[in-house]
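In terms of UniProt numbering, the sequence shown opens at residue 1 and continues consecutively. For glycine and all other residues, C-beta sits at the position ideal for the given N, C-alpha and C. What you are looking at is a predicted structure, and each value in this text was computed from that prediction instead of being measured. Down below is the structure, laid out as structure tokens.
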Amino acid sequence: MKQTITINGQTELGELVTFFPAITSRLNDLHIDYCCQGDRSLESAIKEAGLSIDFIAEVQNAYNNYLAKPDKELPVTELSDEELIDLILDTHHLTERALWKELDKQVNLILLVHYEHGKDLMLNVHRSFSELKMELEEHFAKEEKELFPAMLKENKIPEDRAAIRALIDELEGEHDGAGKIIKRLIKETNDFTPPEYACPTVKAVYQKLHELVDDIFLHIAKENSVLFKRY
1 MKQTITINGQ
11 TELGELVTFF
21 PAITSRLNDL
31 HIDYCCQGDR
41 SLESAIKEAG
51 LSIDFIAEVQ
61 NAYNNYLAKP
71 DKELPVTELS
81 DEELIDLILD
91 THHLTERALW
101 KELDKQVNLI
111 LLVHYEHGKD
121 LMLNVHRSFS
131 ELKMELEEHF
141 AKEEKELFPA
151 MLKENKIPED
161 RAAIRALIDE
171 LEGEHDGAGK
181 IIKRLIKETN
191 DFTPPEYACP
201 TVKAVYQKLH
211 ELVDDIFLHI
221 AKENSVLFKR
231 Y
């Protein structure tokens with residue numbers, strides 16, 4: 001399998017972040033969706049974002065610098081199903097569960113503390129986070145109890161692969177649903193910018209929400225653009 005790519009305007013976003021994961025923070029800042037819309041070309045994405053075509057050269061230069069680093073990540077395309085599933089479980093599922101458990105208490109706390117002067121914002125953040133948390137909890141359960149064991153089953157028959165494909169279709173729909181909640185949350189929090197009255201807890205909540213969202217984006221990209229495409 002190839003370990004590098006040639007980046008140009010026709011490079012798909014999903015392939016870009018698969019081989020150049022360090023670019024995700026830049027794409028996140030620009031609100032370029034590479035997880036649920038990973039099949040878009042880089043050129044079409046930057047046009048939609050209102051960016052100059054020069055952005056492609058910026059990405060190319062950044063990728064060349066990334067390739068020169070001795071500690072760069074191995075593309076997840078090089079991993080077997082079992083290795084990739086373990087990576088998803090040990091990093092993304094573990095990290096996201098820890099973040100939302102911590103956020104669960106803090107989001108409720110700031111709702112109560114700042115209710116009088118930030119009612120609408122605090123209610124919106126509470127609702128969107130709670131909805132996202134529920135979506136993730138149920139989604140993770142389906143992956144861990146149904147999808148991943150089915151993928152790791154030996155000697156699969158055609159019916160097994162058909163069942164896996166049907167479940168993937170369902171889970172990709174859930175990825176889209178989570179993406180919509182996240183976009184709403186980004187808008188509600190003004191791109192995770194704390195309000196003027198923000199106390200240290202509000203600032204911490206916004207930072208952790210940002211961390212959670214960034215991890216979810218990369219998590220979904222690994223599944224949609226790599227693992228799921230194998231079936």
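query                                                                                                            : result
Short Cβ contact (8 Å threshold) for Leu-167 with Leu-147                                                        : yes
Other residues of its chain near Leu-109: CB distance less than 7 Å, five sequence neighbours each side excluded : Thr-201
Asp-86, enclosing alpha helix (DSSP H) - first and last residue                                                  : 81 to 87
Cβ neighbour criterion (16 or more within 10 Å) applied to Cys-36                                                : buried
Local conformation of His-172 per DSSP, three classes                                                            : Correcting the residue type first, residue 172 is Glu in the shown sequence and not His. Reduced to three states, the DSSP call for Glu-172 is helix.
Candidates Tyr-197, Ser-25, Phe-55 and Val-17, of which the one nearest Val-113 by Cα                            : Tyr-197
Which residues DSSP lists as bridging Ser-41, in chain order                                                     : Glu-12
Cβ contact check for the region 21 to 41 and the region 84 to 96: 3 or more pairs under 8 Å                      : no
Rounded Cβ spacing between Ala-163 and Ala-150 (contact assumed at less than 8 Å)                                : 7 Å
Ser-52 versus Leu-227 - alpha carbon distance                                                                    : 32 Å
Whole-angstrom C-beta distance between Lys-153 and Leu-171, which should lie under 8 Å                           : The Cβ separation is near 17 Å, so there is no contact.
Classification of Leu-136 by the beta-carbon crowding that lies within 10 angstroms, buried from 16 upward       : buried
Supposed contact pair Ile-46 and Asn-8 - C-beta distance, whole angstroms, cut 8 Å                               : Actually they do not touch by this definition, with Cβ atoms about 12 Å apart.
Status (buried if at least 16 other CB within 10 Å, exposed otherwise) for Ile-157                               : exposed
Contact under 8 Å by Cβ, Asn-28 with Phe-217                                                                     : yes
Same chain only: Cβ atoms within 8 Å of Pro-195, ignoring 5 sequence neighbours per side                         : Gly-118, Leu-121 and Val-202
Alpha-carbon to alpha-carbon, Arg-230 and Glu-83                                                                 : 14 Å
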